[in-house]
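Beneath this line is the structure, given in structure tokens, with notes to follow.
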Amino acid sequence: MAKIHRLPSRSSLDPADTWDLAPLCASDAEWEKLYARLNRQIPRFARYRGRLGEGPQVLAECLKFDAAFDRLAERVGTYAHLRAAEDQTNSHCQAMVARYQNLATRAAEAASFIRPEILSLPKKTLDQYLTARELAPWRLVLKRILRFKPHTLPAREEALLAMQGEMAQAASHAFRQLLDADMKFGLVKDEKGELVELSNATFSKFMVSPERSVRKAAFHQYYAQFAAHEHTLAATLAGSVHKDVYYARVRGYGSSLEAALFPDNVPQTVYDNLIAQVRQHLPIVHRYYEVRRRKMKLRQIHHYDTYVPLPAGRQVRHTWDEAVNLIVDALAPLGEEYCQTLRRGLTTDRWCDRYPNLGKHSGAFSSGTYDAPPYILMNYHPEVLNDVFTLAHEAGHSMHTWYSARHQPYPYYGYVIFVAEVASTFNEELLSHHLLKQARDDRERAYLIGREIDDIRATIIRQTMFAEFEKQIHAMAEAGEPLTVQSLRATYRKLLEDYFGPQFVLDDELSLECLRIPHFYRAFYVYKYATGLSAAIALSQRVLHGGKQELDAYLGFLKAGCSKDPLDLLRDAGVDMETPQPVQTALTYFGQLVDELDMLL
Ligand SMILES: [Zn+2]
-16 MAKIHRLPSR SSLDPADTWD LAPLCASDAE WEKLYARLNR QIPRFARYRG
34 RLGEGPQVLA ECLKFDAAFD RLAERVGTYA HLRAAEDQTN SHCQAMVARY
84 QNLATRAAEA ASFIRPEILS LPKKTLDQYL TARELAPWRL VLKRILRFKP
134 HTLPAREEAL LAMQGEMAQA ASHAFRQLLD ADMKFGLVKD EKGELVELSN
184 ATFSKFMVSP ERSVRKAAFH QYYAQFAAHE HTLAATLAGS VHKDVYYARV
234 RGYGSSLEAA LFPDNVPQTV YDNLIAQVRQ HLPIVHRYYE VRRRKMKLRQ
284 IHHYDTYVPL PAGRQVRHTW DEAVNLIVDA LAPLGEEYCQ TLRRGLTTDR
334 WCDRYPNLGK HSGAFSSGTY DAPPYILMNY HPEVLNDVFT LAHEAGHSMH
384 TWYSARHQPY PYYGYVIFVA EVASTFNEEL LSHHLLKQAR DDRERAYLIG
434 REIDDIRATI IRQTMFAEFE KQIHAMAEAG EPLTVQSLRA TYRKLLEDYF
484 GPQFVLDDEL SLECLRIPHF YRAFYVYKYA TGLSAAIALS QRVLHGGKQE
534 LDAYLGFLKA GCSKDPLDLL RDAGVDMETP QPVQTALTYF GQLVDELDML
584 L
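Right, dumping it as structure tokens:
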């Protein structure tokens, strides 16, 4: 039963339960001084404008100034954001964030000449720069800018593209307004017979209701709204796809997929491999739904039957210290330094803001900087096992930051999204492994396995289906085929049939799902979730079953920041995402989990 208690106010908290921001910035007064210093530096970018072709010395000075500015801005911006996250009703801190954003915009404008000016330098100058001693620390920065040269247009055309930025977001903006503001889903009776508002936020809660009639009613009522707006939703999605196709074409990429993969330097084989591997393993996924159907004692399984935990979890309480002990024990394979640093960070060094309070930012995140501890925001509930997993996840991000900041110079410490979710989900894998070893009975084991299965299903299988849909509808647009309600829903319906299998009952409305996924407005992004968890599963197995060499390779990855391209970093760590192996390993593991669940229940 949910206890009714009010959240405490920020000022009433025990400081030991909050983060200590002093190493980042001593006080709000100190922040004002740093802010003023940063503000005074903005005009100094102008010193370098028009001069980057003068010689390697000038360019090196400019890049050094830019990086130093960035490094201080990171501190100033992070402090403002963390202070505001403590209590979002604190208008003083909200104003700090707004002032920082304004400063960051002005700084970005002042520095905006650097990239185009480098890109417009003659080839002879650039060749000389790439071997110049003064520019040695900046060589990779330069190379990364120059990769874009073939896709950069003459100045006037670039200016036109920059000017249409806001217009290009119109489709996505209209979608969000419709989804978040205009669509109303009405009320649904929950299992206690109480009327609860159905919304994008509560839909997932209804989907885990133990009462089938509640799930079913919520499902049909939710999708009725999407059916009522399907033409508008198809038009906004088509608009967003056409925008992607347009930008890829004007910049001379072979396709919109190629354009999206280009910044991470990821070849399309990685994307296609992922889809091919998941497709090859779909019979295991279909078998899982069949196991689920049997265990739930259903005659037929529908989509609204796939989120209920199987079996229900037992309530286990973990105080903060117990959770930290559990996580540190689970991460023991990562060695002394990792574990001791993290333990101190989560206890005496106060990296983490632990519990909910009035006005606090919801959810959880890790927010690191180069010059201060990698902070973590939590809203920890001792009764919720998922919160222990969340803490292990965020701790993975924070330790990634901690290692990279210690082993890389500033320009190469910040890791990109493609690898970020590896370090975090790796820790969840170790925690899951540890808890399974400790499980006291079959029921506990079954719960943990069910949890792990759901995680792989949501992160690898579902996101790969999304990735395949994105690939198909972009290819359709590129071939000049119309994107309509019918063509979008038919394309999606076919994927649902493939991914859920012949035994699964697909309600007609389910194909409307393709019109409600916000990530589709940021195309070719979700595949990174699937590759990230696949890499994490493969790497965690390597570290668990390997020796010092495997561990050092993984720690080397955590220390490497962005000093290499993402695929090279992962290759050094021990997984090659250009081969089918890592995804295969993850899905084989998925199959083993399904077998075991079937036996245990
Ligand atoms: Zn994460």
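For the sequence shown, counting from 1, position 214 maps to 197 in my numbering; every step adds exactly one. Beta carbons are placed, not taken as given, at the ideal position from N, Cα and C, and that holds for glycine. Just so we're clear, the structure is a prediction, and the values are computed from it rather than from any experiment.
Chain-order list of residues whose beta-carbon lies under 8 Å from that of residue i (same chain, five-residue window excluded)
i: E461; result: V228, S238, S239
i: V41; result: Y31, R34, L35
i: G436; result: Inspection of the sequence shows that residue 436 is occupied by Ile rather than by Gly. Only Y271, F573, L576, V577, L580 meet the Cβ criterion.
i: C76; result: A63, R66, A67, E69, D70
i: I267; result: L570, F573, G574, V577
i: T324; result: M382, W385
Neighbourhood of residue i by C-beta, 6 Å cutoff - its chain only, sequence neighbours within 5 removed
i: H264; result: L570
i: T219; result: A154, A157, F158
i: D247; result: F401, P549
i: E305; result: none
i: Y112; result: P39, L118
i: F48; result: none
i: R476; result: S494
Closest by C-alpha distance to residue i, when choosing among the options
i: Q251; options: T514, F189, A151; result: T514
i: M166; options: E174, L181, K172; result: L181
i: H269; options: I444, A93, M582; result: I444
i: H502; options: F449, K280, G433, S349; result: F449
i: I97; options: L143, H75, C45, P105; result: C45
i: S546; options: L516, W121, A378, P137; result: W121
i: L471; options: G484, Q283, F487, E453; result: E453
i: D173; options: L498, D535, R198, L309; result: R198
i: Q260; options: L583, L584, M582, V566; result: V566
i: Q391; options: L123, E92, P99, M79; result: L123
i: N183; options: S196, A200, A164; result: A164
i: Y287; options: A243, D490, A355; result: D490
i: K542; options: Y430, W385, N85; result: W385
i: Q283; options: I128, G484, E15, A93; result: G484
i: R601; options: A(-1), L498, H457; result: In the structure as shown, the chain begins at -16 and stops at 584. Residue 601 is therefore absent and cannot be evaluated.
Beta-carbon proximity list for residue i, same chain, < 7 Å, skipping 5 on both sides
i: Y481; result: A small fix is needed here, since residue 481 is Asp in this sequence, not Tyr. Same-chain partners within the cutoff: L265.
i: K278; result: L293, L584
i: Y321; result: L314, M382
Distance between residue j and residue i (C-alpha atoms, nearest Å)
i: F507; j: Q524; result: 28 Å
i: F409; j: A68; result: 27 Å
i: P(-9); j: D336; result: 14 Å
i: A(-15); j: S(-6); result: Confidence at A(-15) is low in this model, with a pLDDT of 44, below 50, so its placement is unreliable and the value that follows should be read with caution. Roughly 25 Å separates the two Cα atoms.
i: N362; j: E177; result: 27 Å
i: R505; j: Q152; result: 10 Å
i: R234; j: S103; result: 16 Å
i: N340; j: W303; result: 16 Å
i: L584; j: F487; result: 21 Å
i: A90; j: L109; result: 26 Å
i: L317; j: V253; result: 28 Å
i: D255; j: T72; result: 46 Å
i: Q421; j: V291; result: 24 Å
i: G433; j: E141; result: 51 Å
i: H380; j: H301; result: 22 Å
i: W2; j: D11; result: 15 Å
i: L552; j: E194; result: 47 Å
Burial state of residue i (16 or more Cβ within 10 Å)
i: L170; result: exposed
i: M150; result: exposed
i: D438; result: buried
i: K511; result: buried
i: Q298; result: exposed
i: E366; result: exposed
i: T568; result: buried
i: L281; result: exposed
i: T352; result: buried
i: L143; result: exposed
i: H214; result: exposed
i: P465; result: exposed
i: K226; result: buried
i: A441; result: exposed
Any chain D beta carbon closer than 8 Å to residue i
i: S350; result: Looking for chain D here will not work: only one protein chain is present.
Inset, instruction - Could you tell me whether the region 326 to 345 touches the region 273 to 286, where touching means 3 or more Cβ pairs closer than 8 Å? - result: no
Inset, instruction - Check whether the region 519 to 538 touches the region 554 to 564, counting contact only when three or more Cβ pairs, one atom from each stretch, lie closer than 8 Å. - result: yes
Legend entry - Touch test, the region 186 to 193 against the region 100 to 119, Cβ-Cβ under 8 Å, three pairs minimum: no
Legend entry - Touching by the beta-carbon criterion (3+ pairs, under 8 Å), the region 128 to 144 and the region 41 to 55: no
Legend entry - Given 8 Å, three or more beta-carbon pairs between the region 367 to 376 and the region 11 to 30: no
Inset, instruction - Take every Cβ of the region 389 to 407, pair it with every Cβ of the region 323 to 338, and state whether three or more of those distances are shorter than 8 Å. - result: no
Legend entry - Validate contact between the region 532 to 541 and the region 410 to 426 using beta carbons, cut 8 Å, 3 pairs: no
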